[in-house]
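Read through the structure below, which is laid out as structure tokens, and then see the notes.
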Amino acid sequence: MTQHSAGATAAFSVADLTLEEKASLTSGGSFWSTKSVARAGIPEVLLADGPHGLRLQAGSEDNLGLAESLPATCYPPAVGLGSSWDVDLVHAVGAALGAEASIAGVGVVLGPGINIKRSALCGRNFEYFSEDPVVSGALGAASVRGIQSQGVGASVKHFAANNKEDDRLRSSSEVAERPLREIYLRPFHRVVVDAEPWTVMCSYNRINGLYASENPWLLTQVLRDDWGFGGVVVSDWGAVNDRVAGLAAGMDLEMPATGGHTDAEIVAAVRGGFVDESILDRTADRLLELVRKVQAGAGSAAGPFDVKAHHDIARDAAARSIVLLKNDDRMLPLAPNASVAVIGPFAQTPRFQGGGSSKTNPTRMDNAIDAIREHAGESGATFAAGFLVEDDDTDRDAELRAEAVSLAASKDVAVVFLGLTDADESEGYDRTHIDLSSKQLQLLDAVLAVNPRTIVVLSNGSVVALPFKDRVPAIVEAWLLGQAGGSAIADVLYGVVNPSAKLAETIPLRLQDSPAYLDFDVDNGLIRYSEGLFVGYRWYDARGLDVAYPFGHGLSYTSFEYGQPVAAVTASGDVDVRVTVTNTGERTGREVVQVYTSLPGSSVQRPPRELKAFAIAEISPGSSHEFVMTVRRADLAYWNAAAQRWIVEGGEYVFEVGASSRDIRSSIPFALDGDSFEPAITRESTLAEALAHPTAGPALRSVLAMEEAPGGPSMGGADQIAGIMGDFPLGRFARIAGESLKPEVLDPIIDSTRAG
Ligand code: BGC
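Residue 2 is where the sequence shown starts when you use the working numbering, and the numbers rise one by one after that.
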């Protein structure tokens, strides 16, 4: 294992290294480490997964979660943490994970994952936060800051447009630049700018035909030149296709080890004059800077870590990740003296994480049935499995169902644990449907028939259809919650914790309603992002579709009343939205307040509402809290692909403040000045566009003798022509106009519009 002396940084520099030594830095020395250069005193750096617990392998090594790793705390996966909407909580989890990594001698943690949940079918959704870029970016930045607060680097992944698992090593995400920038890259931008991750992990897939690992537009132009990223780009494990092209594109570190073969390719490319050595020098420089950071941070956390204290962090985080979807007649919280039938194998053997590279080996494991008994007493809660999780033995399932039903009939309340299995969702493959197994639905119906006081608790890493939602009085979305999930569920069921989480992804009524339904599959190597900007709630709102539960939804055991919001532009040009919220119920509770914006009459296509800011605070009964949420001006900008720049349109925006995307409590108009932007005129611009241009317009009028009459615009002559021929591209109009718009006249007019 790597040894770095605490806090010391050695003085090594690229100038001291041979060509071969520099090239040797650009690929792994083993499955999990970089190469050392002993002669120059450069140590190796150890990397380990990530993102919701440390996966450090001491024996055989793999990136599939197959071989055992050392015990580490399993915190809630991102599907849970995303629902917390709580940046402080995510920071705290990151810091605890970072401390475990630091103690283990790990230099870089491979996480967080911040890809957008484009479809509920993505097998890896449990590792991602949200369908929304602001939630993903804000929580991703908090996670990175937390990890890096411990002197350990984070690796924000998977950059970019990696939104499905099937065929991820070859497929090309075909996505127009505007949604690519506004939806899929935006969270990465926020993380890079706000949290300065030490590394970014490029994804396996191609983007519009070109592999992420050899994409100069992505890895250099956008990431480094536009966003100012100064760290290392590391490949996903096995993502490199052409090593030399990758180097030239800005891909610094190939992982895992390739036996030095690709280092030799780099040496040959430099010697052969195919790549300038300065490009290798820049990469080597960045890699040495990473080594220095790791050295400087080494020993930040003293070990061994406090297993109980970290378990408690995991428990707190899990409880704050649980979404109370429905709670009719105040079914919840449960009274400790109610007799409870606890049904379903997940109550005894929790599903707490997903399969693949993020799979940790937890230090402890809480299960819900034991935790429920701590509240209800040993005899107050009785367990029945009700069904077999993985096996399909119809007779045995029928026996288990009959047992569970008779138990449910004899108790005050039935709590039925349903969910997805390990086989249903994992890294490496996608789901084909969003349904719970029919035997689970059958069991629930049978239990409901004998006991209407039935509560459903869900264990799933990505949304499932809820065909029973109108028939059961209470539904608890408990996702995958890490090693303390069992206790956290009991904490929420018994009201020790008042639920505060809200959905960071829409639960649709049917898969067929969802945005990527027709274009999720890889078709001849291509994944067409045909829904464009309309991802998640942006789609359901634009189409006016009913959903099972909307983005941002989540109930509490208390109630909140929202005051009238006010908005004001700050000195930096952002907009602060303030709203006072009062806890009108009887329990202390935490509320997540959301700010959505829209611009009616925008000159470009826009979703009906887009989340731009949110905040969370705890409020005691009868008290009020003023939430201040900053809408970043940059987040109001749209990407103008023709002009290749971000533009904030001026106009009368609508700012909506709500408890969910479909529970808007008030909306206020807000006038905002736009960016000064005059697109350059070209021969492809229409005559009407050219005439409307502030400098080209008057110049054209003058050469075409279209000056305005003193009392107002002239209606005669050339203006009439403009009315009729306004749609003509300028170049073609010029041909018809002949001498008056010959190239010597038109070209300078066009050129003048390019300045500034
Ligand atoms: C995953 C990454 C992971 C890496 C190393 C890859 O298969 O996509 O998220 O960090 O393996 O385990």
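No residue lacks a Cβ here, since even glycine has one placed at the ideal position from N, Cα and C.
For residue i and residue j, which I take to be in contact (beta-carbon distance under 8 angstroms), what is that distance rounded to the nearest angstrom?
| i | j | result |
| --- | --- | --- |
| S427 | G81 | Not confirmed; about 17 angstroms, so no contact. |
| V135 | K613 | 6 angstroms |
| E587 | T598 | Not quite, the Cβ-Cβ distance comes to about 34 angstroms (not below 8 angstroms), so this is no contact. |
| E766 | R125 | Residue 766 cannot be examined here, being either before or after the span of the chain that is shown, 2 to 757. |
| S741 | L705 | 6 angstroms |
| V477 | V464 | Rounded, the Cβ-Cβ distance is 14 angstroms, inconsistent with contact. |
| S204 | A213 | 5 angstroms |
| A348 | N368 | 7 angstroms |
| S662 | D542 | 7 angstroms |
| L419 | G345 | 6 angstroms |
| P257 | F32 | 4 angstroms |
| E759 | V582 | Nothing about residue 759 can be read from this structure; the chain reaches only from 2 to 757. |
| L248 | I280 | 6 angstroms |
| P622 | T571 | About 32 angstroms; that fails the 8 angstroms criterion. |
| E128 | S359 | 6 angstroms |
Express the C-alpha separation of residue j and residue i in angstroms, rounding to a whole number.
| i | j | result |
| --- | --- | --- |
| Y430 | D520 | 16 angstroms |
| A723 | E745 | 21 angstroms |
| G60 | S70 | 8 angstroms |
| A105 | A49 | 10 angstroms |
| L481 | L219 | 32 angstroms |
| E21 | V38 | 10 angstroms |
| T122 | V523 | Here residue 122 is Leu; the residue named in the question, Thr, does not match the sequence. Each residue's alpha carbon lies about 13 angstroms from the other. |
| A385 | T559 | 32 angstroms |
| E690 | T696 | 12 angstroms |
| P72 | R56 | 8 angstroms |
| E679 | A491 | 59 angstroms |
| A642 | D227 | 15 angstroms |
| F130 | V94 | 14 angstroms |
| R591 | A399 | 42 angstroms |
| S1 | A96 | Past the edges of the chain, shown from 2 to 757, lies residue 1, and the structure says nothing about it. |
| M716 | M726 | Low confidence applies to M716: its pLDDT is 45, below 50, so where it sits in the model is not reliable enough to give any reading. |
| L437 | P516 | 21 angstroms |
| G298 | V153 | 6 angstroms |
| G273 | V245 | 12 angstroms |
| A710 | R702 | Unreliable placement is indicated for A710, whose pLDDT of 48 sits below 50; the coordinate value is still reported in the next sentence. Going by the C-alpha atoms only, they are around 12 angstroms apart. |
| G483 | D17 | 46 angstroms |
| Q595 | G659 | 5 angstroms |
| G486 | P77 | 8 angstroms |
| T507 | R119 | 11 angstroms |
| T433 | D425 | 9 angstroms |
| F160 | M202 | 6 angstroms |
| R736 | V649 | 36 angstroms |
Contact criterion: CB-CB distance below 9 angstroms. Does residue i meet it with respect to chain D?
| i | result |
| --- | --- |
| E278 | Structure shown: chain D not included; a single protein chain is present. |
For the region 101-121 against the region 315-329, are there 3 or more C-beta pairs whose distance is under 8 angstroms? no
Enumerated in chain order, which unbroken segments of the beta strand (DSSP E) with a length of 3 residues or greater are wholly contained in the region 585-659? 590-599, 611-620, 625-632, 639-641 and 646-648
Enumerated in chain order, which unbroken segments of the alpha helix (DSSP H) with a length of 4 residues or greater are wholly contained in the region 318-401? 369-377
Are three or more beta carbon pairs between the region 412-426 and the region 337-346 nearer than 8 angstroms? yes
Does the region 134-154 come into contact with the region 180-188, if we say contact requires no fewer than three beta-carbon pairs (one atom in each stretch) closer than 8 angstroms? yes
Does the region 574-581 come close enough to the region 548-556 to have 3 or more Cβ pairs within less than 8 angstroms? no
Closer than 8 angstroms is the cut-off here; do at least three beta carbon pairs connect the region 367-375 with the region 443-450? no
Segments assigned beta strand (DSSP E), at least 3 residues, entirely inside the region 405-455: 414-420
Under 8 angstroms, with one C-beta from each stretch per pair, do the region 24-37 and the region 252-269 reach the 3-pair mark? yes
Just to confirm the assignment: which complete alpha helix (DSSP H) runs, minimum length 4, are found wholly within the region 247-308? 262-272 and 278-298
Uninterrupted beta strand (DSSP E) stretches inside the region 483-555 (no shorter than 3 residues): 527-529 and 548-550
Pick out the complete alpha helix (DSSP H) segments inside the region 71-116, 4 residues or longer, and give them in chain order. 79-85 and 88-104
Entirely enclosed beta strand (DSSP E) segments - the region 14-72, minimum 3 residues: 48-50
If you scan the region 111-183 from start to end, which runs of the beta strand (DSSP E) of 3 or more residues do you find wholly inside it? 154-160 and 173-175
For the region 676-708, which segments carrying the alpha helix (DSSP H) assignment without a break, of at least 4 residues, lie completely within its bounds, in sequence order? 688-693 and 697-704
Are the region 388-397 and the region 81-90 touching, with three or more C-beta to C-beta distances below 8 angstroms? no
Three-pair Cβ contact test at 8 angstroms for the region 593-607 versus the region 631-641: yes
Is it true that the region 321-335 meets the region 469-476, where meeting means three or more beta-carbon pairs spaced less than 8 angstroms apart? yes
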